[in-house]
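Going by this note's numbering, the sequence shown opens with residue 6, and the numbers climb by one from there. The beta-carbon is built from N, C-alpha and C at its ideal position, and this holds for glycine as well. Here is the structure we will look at, set down as structure tokens.
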Amino acid sequence: MDALENKAMTPPRQPSDAPERVARGPRTATPLNLLVVLASVFILVVWLITLQRIAFEREQALAAEMKANASLAIAFEQQVSRALKAAEQVAAFVREQYRLQGRAIDLRRWVEEGVIREEMFTIISVVDEHGDIVSSSRSTGPVNYADREFFTAQRDARIDHLFISQPVFGRVSKRWLIPMSLRIEHADGRFAGVVVMAISPQDVTQFFQQVDLGAQGLLELGGLDGVVRARKIGARSEFGLSGESLAWFQRQKQRRTDDFYDSGHGLDGVARIVSYRSMADYPLMVTVATAYDEEMATTLQRRTTYLLAAVGVSLVVMLFVGVLALMLVRQRAATDALQGSEALFRATFHQAAMGIAHISPEGRILRVNETFSRMLGRPPERLQGGNIFDLSDPEVASAARTFLREQLASDGGALSPEIEKTYRREDGSLLWVCEAVSVVRKRQGHPAFLVLVAQDVTERKRLEARLSHEAQHDALTGLANRVRFRQRLDQALDAVRGQEQLCAVLYIDLDGFKAINDRHGHTAGDCLLQMAARRLEGCVRSSDMVARFGGDEFGILLASLHSRQDCAAVALKVLDVLAQPFDLDGHPARISASVGAALYPLQADNGADLLKQADQAMYVAKHAGKNRFHCAPE
Numbered sequence: 006m007d008a009l010e011n012k013a014m015t016p017p018r019q020p021s022d023a024p025e026r027v028a029r030g031p032r033t034a035t036p037l038n039l040l041v042v043l044a045s046v047f048i049l050v051v052w053l054i055t056l057q058r059i060a061f062e063r064e065q066a067l068a069a070e071m072k073a074n075a076s077l078a079i080a081f082e083q084q085v086s087r088a089l090k091a092a093e094q095v096a097a098f099v100r101e102q103y104r105l106q107g108r109a110i111d112l113r114r115w116v117e118e119g120v121i122r123e124e125m126f127t128i129i130s131v132v133d134e135h136g137d138i139v140s141s142s143r144s145t146g147p148v149n150y151a152d153r154e155f156f157t158a159q160r161d162a163r164i165d166h167l168f169i170s171q172p173v174f175g176r177v178s179k180r181w182l183i184p185m186s187l188r189i190e191h192a193d194g195r196f197a198g199v200v201v202m203a204i205s206p207q208d209v210t211q212f213f214q215q216v217d218l219g220a221q222g223l224l225e226l227g228g229l230d231g232v233v234r235a236r237k238i239g240a241r242s243e244f245g246l247s248g249e250s251l252a253w254f255q256r257q258k259q260r261r262t263d264d265f266y267d268s269g270h271g272l273d274g275v276a277r278i279v280s281y282r283s284m285a286d287y288p289l290m291v292t293v294a295t296a297y298d299e300e301m302a303t304t305l306q307r308r309t310t311y312l313l314a315a316v317g318v319s320l321v322v323m324l325f326v327g328v329l330a331l332m333l334v335r336q337r338a339a340t341d342a343l344q345g346s347e348a349l350f351r352a353t354f355h356q357a358a359m360g361i362a363h364i365s366p367e368g369r370i371l372r373v374n375e376t377f378s379r380m381l382g383r384p385p386e387r388l389q390g391g392n393i394f395d396l397s398d399p400e401v402a403s404a405a406r407t408f409l410r411e412q413l414a415s416d417g418g419a420l421s422p423e424i425e426k427t428y429r430r431e432d433g434s435l436l437w438v439c440e441a442v443s444v445v446r447k448r449q450g451h452p453a454f455l456v457l458v459a460q461d462v463t464e465r466k467r468l469e470a471r472l473s474h475e476a477q478h479d480a481l482t483g484l485a486n487r488v489r490f491r492q493r494l495d496q497a498l499d500a501v502r503g504q505e506q507l508c509a510v511l512y513i514d515l516d517g518f519k520a521i522n523d524r525h526g527h528t529a530g531d532c533l534l535q536m537a538a539r540r541l542e543g544c545v546r547s548s549d550m551v552a553r554f555g556g557d558e559f560g561i562l563l564a565s566l567h568s569r570q571d572c573a574a575v576a577l578k579v580l581d582v583l584a585q586p587f588d589l590d591g592h593p594a595r596i597s598a599s600v601g602a603a604l605y606p607l608q609a610d611n612g613a614d615l616l617k618q619a620d621q622a623m624y625v626a627k628h629a630g631k632n633r634f635h636c637a638p639e
């Protein structure tokens, strides 16, 4: 087409002998014919460009919306995953306590005292192997769950992970809930019941309130069994429905792409842009969708504008049919397109919400936008010309160099690869970013420069670190909790296994703590527990661990000992420091402790049995008169 245009715009060569030319062939086209040809070519070009532009903008807008929905789907998946893992941790904790306390377990008291603090769970209960409630966080009366899916699934399949049931109408809460259960087993592996907790379907879709999905936007949590656990469309909430006929369920079965356009015939007739993700650890999938007409309204308006403009240009060209008019229109159109492209580049590059940087293949910074400059706390002129790797710590810079080399060596793909890394700001603080990298290549295929798109994820990283710490530590004392203690105990046993060393567990219960708590109040009791925790930490080495199991019970892990006497020495030291008076806001208070001990491999050959032996030894010490130390027999 370019060749045709060039040919059309080139003046015809004047012949040297006109009569001879007439004699040799037909007359040349008249100027009018030439104008008609030029006008026709121009109109054709205008319409080709217009249609191409319409298609391009639609594809770009659709791709951008799919990418945005994919990001929201990832965020929703992470939120649901964190909630389910929190539920599984709470259920595992309750199961462990039920194994230790049996039917004496009191979940209602735990909720009142704040031992179980997860507010999103409507109810949490322990159900025995017959389906009867043993203990619950709410008053239930005689209720049997033997026919419920969450009970039969755990009873019939020996699994050790959280089972998320279909929504049911609660027999206690009288509300529609999504039950989640964890299997309980006897010591010999026989089914002993379940720990069950429930969440409202509306609570699952609270994420809808945090983002703008539009009046017809959709947020859904579905099971791979084809049943919708929770769905929110605009202000309408649904749950318990079959999703087998929906496009995303069908695509998930076929393992097809997770971003697509859906006509909406299988749901409510509303066309949507859909992004879904299958969760890694649970048989669930999350779906985020926005209405096509709402999200593409601006693009459709521009489409009408482009079509009207094309019609107008065509009419103008046909009316004037002149070379000069044609050339002026084309020149102006080219100028406008160039200016629009430049303005679009400036707006996209400098006003983007994410940091963007262009760097050479060697890492030299060619240009940065204002967001990237602001994220690093450095003005653009100081960044330009510098090396991108100098903005990170050495070990991070080394990994980043390797990552960029891999991208330069690869052929590229449909999606830009991402990496999470850190930069050092001007003030020395750490900036976490999720960085996508694209390689811009020359015609020969050689890399010209790289485009880095960085999103600030510092707050998310901080939140992940805080949640990880809270999941393994006691909120009151800052000590490790039982879960972290068990992990560290297993590591310590692996370290000394097969060596001439011992590993010991001290189980400590405070004598007289309840009386002080009743006399001085819970605030004073909490203060005493914190002071006791600090004293216990002073009794051990840096390689050991002190943990709070709950209430006034503590545990100490002595990671590496040479003899039983070393264990006894630490236990006597614990008795001594806890017997010293505590200052409770000017009021002296005295307590004592009952300490039980068990040594590996003398009393047990695994962590669970070692902890159990130490617990039993502590009760022997308490029944013998308190303020005593007792070691489990071999």
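Burial state of residue i (16 or more Cβ within 10 Å)
i, result
"Glu440", "buried"
"Gly433", "exposed"
"Pro667", "Lying before the first or after the last residue shown, residue 667 is absent from the chain, which here runs from 6 to 639."
"Gln608", "buried"
"Ile164", "exposed"
"Leu420", "Because the pLDDT of Leu420 is 47, which lies under 50, any placement of that residue in the model is unreliable, and the number read from its coordinates should be weighed accordingly. Result: exposed."
"His567", "exposed"
"Ser403", "exposed"
"Asn38", "exposed"
"Ala220", "exposed"
"Asp298", "exposed"
"Ala28", "Here Ala28 scores only 39 on pLDDT, less than 50, and its place in the model should not be relied on; the value that follows carries that caveat. Classification of Ala28: exposed, given that the 10 Å Cβ count is below 16."
"Gln504", "exposed"
"Leu498", "buried"
Selection from the options that minimises the alpha carbon distance to residue i
i, options, result
"Asn486", "Leu67, Ala622, Val51 and Phe98", "Phe98"
"Val293", "Lys519, Ala637 and Asn74", "Asn74"
"Ser415", "Ser144, Leu436 and Val445", "Val445"
"Leu49", "Phe81, Arg633, Ile189 and Val316", "Val316"
"Ala68", "Phe408, Glu243, Ile278 and Gly382", "Ile278"
"Glu367", "Met359, Glu118, Asp395 and Glu375", "Asp395"
"Leu604", "Leu616, Arg595, Pro593 and Ile596", "Leu616"
"Arg58", "Ile121, Leu43, Val42 and Leu312", "Leu312"
"Lys631", "Phe518, Ala574 and Ile561", "Phe518"
"Arg540", "Asn522, Gly231 and Leu515", "Leu515"
"Glu70", "Phe155, Trp115 and Leu218", "Leu218"
Own chain, CB closer than 8 Å to residue i, minus 5 neighbours either side, in chain order
i, result
"Glu304", "The question names Glu, but residue 304 is Thr in the sequence shown. Excluding sequence neighbours, Thr304 sits near Glu62, Arg63 and Ala66."
"Arg369", "Gly390, Gly391, Asn392 and Ile393"
"Ile110", "Val99, Gln102, Tyr103, Val131, Val139 and Ser140"
"Gly271", "Ser250, Leu251 and Ala252"
Residues bridged to residue i (per DSSP)
i, result
"Met202", "Ile129 and Met185"
"Asp588", "Pro593"
"Cys681", "One cannot answer for residue 681 here, as it falls past the ends of the chain, which runs 6 to 639."
"Phe559", "Ile513 and Arg553"
"Met290", "Gly227 and Ser283"
"Gly640", "The structure shown does not extend to residue 640, since the chain spans only 6 to 639, so no value can be given for it."
"Thr309", "Answer is none; Thr309 lacks a bridge partner."
"Pro452", "Arg446"
"Val275", "Note: Val275 sits in no beta bridge, so no partner."
Straight-line gap, residue i to residue j (C-alpha atoms, nearest Å)
i, j, result
"Ala162", "Pro586", "53 Å"
"Met550", "Ala564", "8 Å"
"Ala459", "Ala453", "20 Å"
"Val502", "His363", "The residue you asked about is not Val; residue 502 is Arg in the sequence shown. If I take the Cα positions, the gap works out to 54 Å."
"Trp253", "Ile189", "35 Å"
"Lys447", "Ala88", "47 Å"
"Met290", "Ser250", "15 Å"
"Lys179", "Thr145", "11 Å"
"Arg467", "Ala626", "44 Å"
"Lys578", "Leu533", "18 Å"
"His635", "Val510", "12 Å"
"Ser378", "Lys237", "39 Å"
"Leu655", "Asp398", "Because the chain is modelled from 6 through 639, residue 655 falls outside the range shown and cannot be assessed."
"His166", "Glu154", "15 Å"
"Met301", "Ser76", "18 Å"
Cβ shell of residue i (< 6 Å), same chain only, five flanking positions each side left out
i, result
"Phe196", "Glu134 and Arg160"
"Ala529", "Leu589"
"Ala235", "Pro206, Val209, Thr210, Leu226 and Phe244"
Neighbourhood of residue i by C-beta distance below 7 Å, restricted to the same chain and skipping five residues each side
i, result
"Glu423", "Cys439, Glu440 and Ala441"
"Thr295", "Glu70, Asn74, Leu218, Gly219, Gly222, Arg277 and Ile278"
"Asp620", "Tyr512 and Gly601"
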